[in-house]
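Novice:
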Amino acid sequence: MSTNASRSFKKPYTWAHHWKVSFDACIDASRKEGDKPVKIAIFDTGVDLNHPDIMKAVKEGRVQSYDFVDDKDDIVDLDGHGTYCASLLLKFAPTARIFIGRVFRKSQSSDTTPIVKAIKEAYQNWHVDIMSISLGFSNPSQTMEDEIARAAAERVLIFASAANHTVHEQQPIRFPASMSQVFCIFSADAEGKLSSFNPEPKRGSYNFMFPGERIKGAWPACHTEGVPDIIHQNNITYRIMSGTSCATPIAAAVAAGVLEFVWQPRQRPIKNLHGFRTRSGMERVFLEMARARILGDRVVYYVLPWTLITPLKDKADISAILQHIIEN
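If you're matching positions, the sequence shown starts at 1 in full-length UniProt numbering and goes up one per residue.
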């Protein structure tokens, strides 16, 4: 290769770039003041409401929060993981209302009592459409399983992270991602390949992966000591992280984008909208957007939402495809 050719080589556009200029741009073109927002609950270690990225969303009226650990309205994040995941959800679901539940003091915990209360609150009183759970347990909890099943029956889409570095464990995929009602989310690298830290995908199941390596998210400025990969941009603190917990809020945000698109008024409105709020319905939409990666007797689908919802296609044609998907 010549020197000139080497200099002219450009890096490929990232997943986030395509999401912004195609998927979100297509949805944004039909956004109107007063449109019904998609509601997403996220359960983690809380949130730093003073972080500039979070504060902006709070001022816009997009954020509601509750501390289910200490049972109070005032919420904190003594870990950072919750702030990080919430910031990804706010970024990739830019018009959704986000309900943040603090269910852990630290990201490693085995107490399911707070999250059981949070799940119940989310589907009974917050009336959310989607739940994002970037955490997992080695052992299932029957009470948590029951609440998740009830939430799914109320047409709530539930996303949970598969796990990281559990390949040698007896149950590599953590609970609740192991449940049939839950989207078990895997991480992809920048090339759309399965990240090395993922557990083995499920057999006989649709496995979906989203970007989960070296993802930048908000981080509390007061919790940086000893924490790797902290960066500062314009005096704002961020962290670069990798894991299925990074991919999960992105997956939930894509589902929110699909719901927003199908809810938008059209000359020929899409029918059976409730079908998009079921595991099987959204699963079929993801399959339409995905590229299959075959790994022996297992298949993982890398979701590229702009391959379906894009300004390059007529919105009536996109609606017709979505209508066909949900009816079959």
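Quick reminder that beta carbons are idealized off the backbone N, C-alpha and C, glycines included. Small disclaimer: the values here were computed from a predicted structure and weren't measured.
Would you kindly work out how many angstroms separate the C-alpha atoms of LEU194 and SER178, rounded to a whole number?
Specialist: Rounded to whole angstroms, LEU194 to SER178 spans 18 Å at the Cα level.
Novice: From what residue to what residue does the alpha helix (DSSP H) around SER245 run?
Specialist: Run containing SER245: 244-263, per the alpha helix (DSSP H) assignment.
Novice: Taking Cβ to Cβ, would you say ILE27 is nearer than 7 Å to PHE261?
Specialist: It is a contact, given that the beta carbons lie within the stated cut-off.
Novice: Just to check my reading of the structure: LYS117 and ASP79 have Cβ atoms closer than 8 Å, yes? What is that Cβ distance to the nearest angstrom?
Specialist: The Cβ separation is near 19 Å, so there is no contact.
Novice: When burial is assigned at 16 or more other CB atoms within 10 Å of the CB, is ASN207 buried or exposed?
Specialist: Answer is buried; the Cβ neighbour count reaches 16.
Novice: Which whole-angstrom value is the C-beta distance of PRO220 and LEU88, which I expect to be below 8 Å?
Specialist: Their Cβ separation, rounded to whole angstroms, is 15 Å, which puts PRO220 and LEU88 out of contact at 8 Å.
Novice: Should ALA256 and VAL38 be called a contact, given that it needs their Cβ atoms to be closer than 7 Å?
Specialist: Yes, Cβ-Cβ distance for ALA256 and VAL38 is below 7 Å.
Novice: Just tell me which of HIS18, GLY34 and ASN198 has its CA closest to the CA of GLN264.
Specialist: Comparing Cα-Cα distances from GLN264 to each of HIS18, GLY34 and ASN198, the minimum goes to GLY34.
Novice: Alpha carbon to alpha carbon, how far is LEU295 from PRO52?
Specialist: LEU295 and PRO52: Cα-Cα distance of roughly 42 Å.
Novice: Measuring CB to CB, does GLY136 end up less than 7 Å from ARG174?
Specialist: Yes.
Novice: Secondary structure at VAL156, three-state DSSP: helix, strand or coil?
Specialist: Residue state, collapsed to three classes: coil.
Novice: Verify whether the separation of the beta carbon atoms of ALA251 and ILE185 is less than 7 Å.
Specialist: A contact, by the Cβ cut-off of 7 Å.
Novice: For ALA221, which three-state DSSP category applies?
Specialist: Residue state, collapsed to three classes: coil.
Novice: Buried or exposed, going by whether 16 or more other CB atoms sit within 10 Å of the CB of TYR301?
Specialist: When all chains shown are included, TYR301 counts as buried.
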